[in-house]
Amino acid sequence: MGQSLVKNYIHIVFSTKHRESLIHPPYEEELHAYLAGICKNLDCQPIKIGGFTDHVHILCMLSKKVTLVKLIEEIKSHSSKWFKTRDEKHKNFYWQDGYGAFSVNPSEVETVIAYIANQHEHHAKRTFQDEYRAFLKKYKVEYDERYVWD
290 MGQSLVKNYI
300 HIVFSTKHRE
310 SLIHPPYEEE
320 LHAYLAGICK
330 NLDCQPIKIG
340 GFTDHVHILC
350 MLSKKVTLVK
360 LIEEIKSHSS
370 KWFKTRDEKH
380 KNFYWQDGYG
390 AFSVNPSEVE
400 TVIAYIANQH
410 EHHAKRTFQD
420 EYRAFLKKYK
430 VEYDERYVWD
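Following the numbering used here, the numbering of the sequence shown begins with 290 at its first residue and continues without gaps.
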């Protein structure tokens, strides 16, 4: 083949360190926009970014030029440094070490967009831990509960 054609939708999920509730207005929207900018700079077109006070969801196209681990590394390191500059109370802001990344079927993209858009309503009834466990179950990811949250 003379040309590389790639279309990988990726749904990325990760939380603040110890799932601390640190992401609040007015910084929440700014953070989501900043995360989108990092994705764009890495040629990973952001589609929808959202979340709740203790975690974020990123739906993007994974570039054929960037590995998933590099994308996550860049997103977390740059956004963490940036977020700390927004307010003195964020000086100890960190993301958790791990993450979840799930491929999305093109036919499911609109469903994932709606899901991310409704995070605040969703988390009025369900914790991040329960949400994340449901993702792991849906995608049949084997895990050990002892190592997922630290």
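Just so you know, even glycine gets a beta-carbon here, dropped at the ideal spot from N, CA and C. Note that the structure is a prediction, hence the values are computed from the model and not measured.
Local conformation of residue i per DSSP, three classes
{"i": "Val430", "result": "coil"}
{"i": "Cys328", "result": "helix"}
{"i": "Thr400", "result": "helix"}
{"i": "Pro395", "result": "helix"}
{"i": "Val437", "result": "helix"}
Check whether residue i and residue j have beta carbons under 7 Å apart
{"i": "Tyr306", "j": "Gln408", "result": "Sequence check: residue 306 is Lys here, not Tyr. It is not a contact, given that the beta carbons lie outside the stated cut-off."}
{"i": "Leu360", "j": "Asn297", "result": "no"}
{"i": "Gly387", "j": "Phe424", "result": "no"}
{"i": "Ser392", "j": "Lys353", "result": "no"}
{"i": "Ile338", "j": "His321", "result": "yes"}
{"i": "Lys373", "j": "Lys365", "result": "no"}
Among the options, the one whose alpha carbon lies nearest that of residue i
{"i": "Lys378", "options": "Glu309, Gly291, Leu294 and Gln292", "result": "Glu309"}
{"i": "His412", "options": "Thr400, Phe341, Lys429 and Ala322", "result": "Phe341"}
{"i": "Asp376", "options": "Tyr316, Thr356, Gly291 and Val437", "result": "Tyr316"}
Heavy atom of the ligand GDP within 6 Å of residue i beta-carbon
{"i": "Phe424", "result": "Ligands displayed in this structure: none; no statement on the ligand GDP is therefore possible."}
CB-CB length for residue i against residue j, believed under 8 Å
{"i": "Trp371", "j": "Tyr323", "result": "6 Å"}
{"i": "Asp332", "j": "Val355", "result": "7 Å"}
(request) Mind the definition here: the segment 342–361 touches the segment 294–313 only if three or more C-beta pairs lie below 8 Å; say whether that holds. (result) For the pair of segments examined, the segment 342–361 was found to touch the segment 294–313: the number of CB pairs separated by less than 8 Å reaches three.
(request) Check whether the segment 313–329 touches the segment 383–401, taking contact to mean three or more Cβ pairs, one atom from each stretch, closer than 8 Å. (result) By the Cβ rule, the segment 313–329 does not count as touching the segment 383–401, because fewer than three pairs are nearer than 8 Å.
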